[in-house]
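S.K.: One structure, pasted below without further comment.
Protein chains in written order, with full-length UniProt numbering: chain S, 1 to 279; chain H, 1 to 103; chain X, 1 to 101; chain G, 1 to 162.
See below:
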């Protein structure tokens, strides 16, 4: 059914990446990017892109479906809910820091804070909420923060991702910085994120099956079989950078937040399906 | 404290399908931690599923069963509303148990 | 790749008249410091392998293996320079492949 | 904030006054009700410590297993990760009393061994660890005789996951 069409992929790779339009707006970028991936995988429905390699490879999809039948992150999500609802020492809870009590809002993250002029990711907002209530911040990449973020994502299941880039020079600059990071080759292997996830999705890189960029942030935080636990998106950024022998940047650094801003914007309209399992 | 066992048991036309996920590291004893010393073997040895005091399924597990192990089994003779008891014991003598109602 | 570097390292050390002001240790400090500063210059484009070589150079130097220390420092410098070149090239190169510039 | 595991550990200690079990690491909340803890005395210790498929089968059942096409195994062709390989075994063979899962090239072949009491269907699904590309063997005892099915699974170690 969703067999990766080798011919098509070859055609996709040969597809001349649309010539850079001078100063295209984020929305134009997004539309062009969706079109690019639709041409590359014509028989993959738009919503299915959130399932990455599992939308392109039958053998992988079957393994994924048996994992999702009773996913190993269920304990972490239950723990995340317990942590989310446990009041801080001052009696308040996370709900007080978020609109709608933090329920069903994952699809709006990350957003650009026009006062502070910075990208606010969900994990950053979680720790800022803790600090505002006199609590110690959590570690960024795994553990409690991943469980809480996974619980909050689970309350947004199916809601379309809705990232906004306001017509504000700082917001556009953050978006552009994230885009530049995404397309810049780095590390001794000299790959960019796009080398794998834009130019070669649907192909094998050794024994790994490359997923398309479209839809990637929709399934975070993710429980990877390799980690044996949940991990946040910035843990994945650092891991990928390390794989190409580029020095990873600190989690929740401005560069990684701008990167998340750009990448998530590209998935606007796709449903939140986090948390999810991955290899 | 949430139990370490999550269960879904559903009966239709006489056959109960039970799925369980157990929270356990299932360390094999063959893995080293980042400091280079071996993580000792720590895994569930026996897991039983019983209905009306009788075992309907017994799993003898070794260290090659994945972390946070998953199990599915099917049996006859139980109906909606019946209660099942799922218990496990590991190689360190720790154990846990929970009950589930068949939907 | 290491062998030629080692060879160059050795021949260089031999050709330098012994009376030269810095002995092999002196040259090492110089190369090591240059490698470090070039590595910093790479900014967000630092390579993990450069920091590995810098560590290897330092530990070789600490344990008195000057030959290895020099080879590692030289390799670190070469890698650091390549990462700086990558940073500069990518300043504009990314636009050619980006969807929608 | 009390670390989740420590809280579980503390509660375990208070509750475990009954029996002086060696307390495991605090990771797993210890709720020791000695009464319902399953009896692990007939856990096949030696079988779980035997390398090699045939040696394990003879250790476990004291007989050889013959290949049978009545056993269906649902396994991936290429495992996405050797740490979590989903496997499902089902058979049409009659009066099944036991199913075993073996991973040939694991340090010890036996991964899991299930008692199938009367009234329980000859079916089981599990997630196993596989050290490398190798055969997964399912052994079924039907009418007191041992049958087996074999299927190879490719496993690669490491990788970025894609």
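The beta-carbon is built from N, C-alpha and C at its ideal position, and this holds for glycine as well. No experiment lies behind these values; they were computed from the predicted model shown.
Output, in sequence order along the chain, the residues in the segment 240-252 of chain S whose CB is closer than 7 angstroms to any CB in chain X.
M.R.: Listed by position along the chain: 242, 245, 246, 247, 249.
S.K.: Per DSSP, what are the beta-bridge partners of residue 151(G) in this structure?
M.R.: DSSP lists 136(G) as partners of residue 151(G).
S.K.: Alpha carbon to alpha carbon, how far is residue 76(G) from residue 62(G)?
M.R.: Cα to Cα, residue 76(G) sits roughly 30 angstroms from residue 62(G).
S.K.: What residues match up with residue 278(S) in a beta bridge as DSSP calls it?
M.R.: Partner(s): 224(S).
S.K.: Could you check what DSSP says for residue 63(G) in three-state terms: helix, strand or coil?
M.R.: Three-state DSSP puts residue 63(G) in coil, outside helix and strand.
S.K.: Could you check what DSSP says for residue 26(H) in three-state terms: helix, strand or coil?
M.R.: DSSP places residue 26(H) in coil when its eight states are reduced to three.
S.K.: Could you check whether the Cβ of residue 147(G) sits closer than 9 angstroms to any Cβ belonging to chain H?
M.R.: No - not a single Cβ of chain H is within 9 angstroms of the one on residue 147(G).
S.K.: Using the beta-carbon of each residue, which ones in chain S are nearer than 9 angstroms to residue 6(H)?
M.R.: Those are 70, 74, 75, 78, listed as they occur along chain S.
S.K.: Closer than 7 angstroms by C-beta to residue 164(S): which residues in its own chain qualify, once you throw out the five before and the five after it? Chain order, please.
M.R.: So the qualifying residues of the chain are 111.
S.K.: Measuring CB to CB, does residue 261(S) end up less than 9 angstroms from residue 238(S)?
M.R.: Going by C-beta atoms, residue 261(S) is not nearer than 9 angstroms to residue 238(S).
S.K.: Going along chain H in order, which residues have a C-beta closer than 8 angstroms to the C-beta of residue 143(S)?
M.R.: Within 8 angstroms Cβ-Cβ: nothing; residue 143(S) doesn't reach chain H, min ~15 angstroms.
S.K.: Based on the DSSP output, what are the partners of residue 54(H) in its beta bridges?
M.R.: DSSP lists 51(H) as partners of residue 54(H).
S.K.: For the UniProt domain "Ig-like SoxY" (59-160) of chain G, enumerate the residues whose C-beta is nearer than 7 angstroms to any C-beta of chain S, in chain order.
M.R.: Those residues of the UniProt domain "Ig-like SoxY" (59-160) of chain G that come within reach of chain S (Cβ to Cβ, closer than 7 angstroms) are 76, 77, 78, 80, 81, 83, 84, 86, 156, 159, 160.
S.K.: Under a three-way DSSP split, which group does residue 80(S) fall into?
M.R.: In this structure, residue 80(S) counts as helix in the three-state DSSP scheme.
S.K.: Going along the chain, which unbroken runs of the alpha helix (DSSP H) with 4 or more residues stay wholly within the UniProt domain "Cytochrome c" (79-161) of chain S?
M.R.: For the UniProt domain "Cytochrome c" (79-161) of chain S, whole alpha helix (DSSP H) runs of length 4 or above, ordered along the chain, are 122-132, 144-154.
S.K.: Which residues does DSSP pair with residue 113(G) in a beta bridge?
M.R.: According to DSSP, which records beta bridges pairwise, residue 113(G) is partnered with 60(H), 100(G).
S.K.: Going by beta-carbon coordinates alone, are residue 50(S) and residue 218(S) separated by less than 9 angstroms?
M.R.: Result yes, Cβ atoms of residue 50(S) and residue 218(S) sit closer than 9 angstroms.
S.K.: Could you check how far apart the C-beta atoms of residue 76(S) and residue 230(S) are, in whole angstroms? I think they sit under 8 angstroms.
M.R.: Yes, they are in contact, since the Cβ atoms of residue 76(S) and residue 230(S) sit about 5 angstroms apart, within 8 angstroms.
S.K.: Within the same chain, show all residues whose beta-carbon is closer than 7 angstroms to that of residue 75(H), passing over the 5 residues directly before and after it, in chain order.
M.R.: Taken in chain order, the residues that qualify are 16, 56, 57.
S.K.: I'd like to know whether the C-beta of residue 44(S) is nearer than 9 angstroms to at least one C-beta of chain X.
M.R.: By this cut-off, residue 44(S) is not an interface position.
S.K.: Assess, as a yes-or-no matter, whether the segment 61-76 of chain H is touched by the segment 111-118 of chain G under the definition of 3 or more beta carbon pairs within less than 8 angstroms.
M.R.: The segment 111-118 of chain G, when compared against the segment 61-76 of chain H, does touch it at the 8 angstroms Cβ threshold.
S.K.: So the alpha helix (DSSP H) residue 36(G) belongs to, where does it begin and stop?
M.R.: It is not in any alpha helix (DSSP H) - residue 36(G) carries neither H nor E in the DSSP assignment.
S.K.: Let's test the definition: count the other Cβ atoms within 10 Å of the Cβ of residue 10(H) and tell me whether it reaches 16, buried, or not, exposed.
M.R.: Exposed: under 16 other Cβ atoms inside 10 Å.
S.K.: Have a look at 60(H), 34(H), 42(H), 81(H) and flag the residue whose alpha-carbon is nearest the alpha-carbon of residue 87(H).
M.R.: Comparing Cα-Cα distances from residue 87(H) to each of 60(H), 34(H), 42(H), 81(H), the minimum goes to 60(H).
S.K.: Since residue 26(S) contacts residue 175(S) with CB under 8 angstroms, what's their CB separation in whole angstroms?
M.R.: Contact flag correct, Cβ pair sits at about 5 angstroms.
S.K.: Report buried or exposed for residue 12(G), applying the criterion of at least 16 other Cβ atoms within 10 angstroms of its Cβ.
M.R.: Only weak support is given to the placement of residue 12(G): the predicted model assigns it a pLDDT of 42, under 50, and the question is left unresolved by the model.
S.K.: Please list, in chain order, all residues of the same chain as residue 83(X) whose beta carbon is under 7 angstroms from its beta carbon, the five residues on each side excluded.
M.R.: Within the same chain, residue 83(X) has close Cβ partners 42, 45, 46, 47, 50.
S.K.: Rank 100(X), 81(X), 64(X), 93(X) by C-alpha distance to the C-alpha of residue 36(X) and give the top, closest one.
M.R.: That would be 81(X), whose Cα lies nearest to the Cα of residue 36(X).
S.K.: Using a Cβ-Cβ cut-off of 6 angstroms (strictly less than) and excluding sequence neighbours within five positions of residue 72(H), which residues of its own chain qualify?
M.R.: Taken in chain order, the residues that qualify are 19.
S.K.: Taking 9 angstroms as the CB-CB limit, is residue 55(H) close to chain G?
M.R.: By this cut-off, residue 55(H) is an interface position.
S.K.: In the DSSP assignment, find the unbroken beta strand (DSSP E) run with residue 231(S) in it and report its ends.
M.R.: Element bounds for residue 231(S): 229-231.
S.K.: Is it buried or exposed for residue 39(S), if we count other Cβ within 10 angstroms and need 16 for buried?
M.R.: Exposed: under 16 other Cβ atoms inside 10 Å.
S.K.: How about residue 206(S) and residue 220(S): are their beta carbons less than 9 angstroms apart?
M.R.: It is not a contact, given that the beta carbons lie outside the stated cut-off.
S.K.: Here's the rule I'm using: 16 or more other beta-carbon atoms within 10 Å means buried, otherwise exposed. How should residue 91(X) be labelled?
M.R.: Residue 91(X) comes out exposed.
S.K.: Give me the residue from 121(G), 97(G), 87(G) with the minimum Cα distance to residue 70(H).
M.R.: Out of 121(G), 97(G), 87(G), 87(G) has the C-alpha closest to the C-alpha of residue 70(H).
S.K.: Can you tell me whether DSSP reads residue 98(X) as helix, strand or coil?
M.R.: DSSP places residue 98(X) in coil when its eight states are reduced to three.
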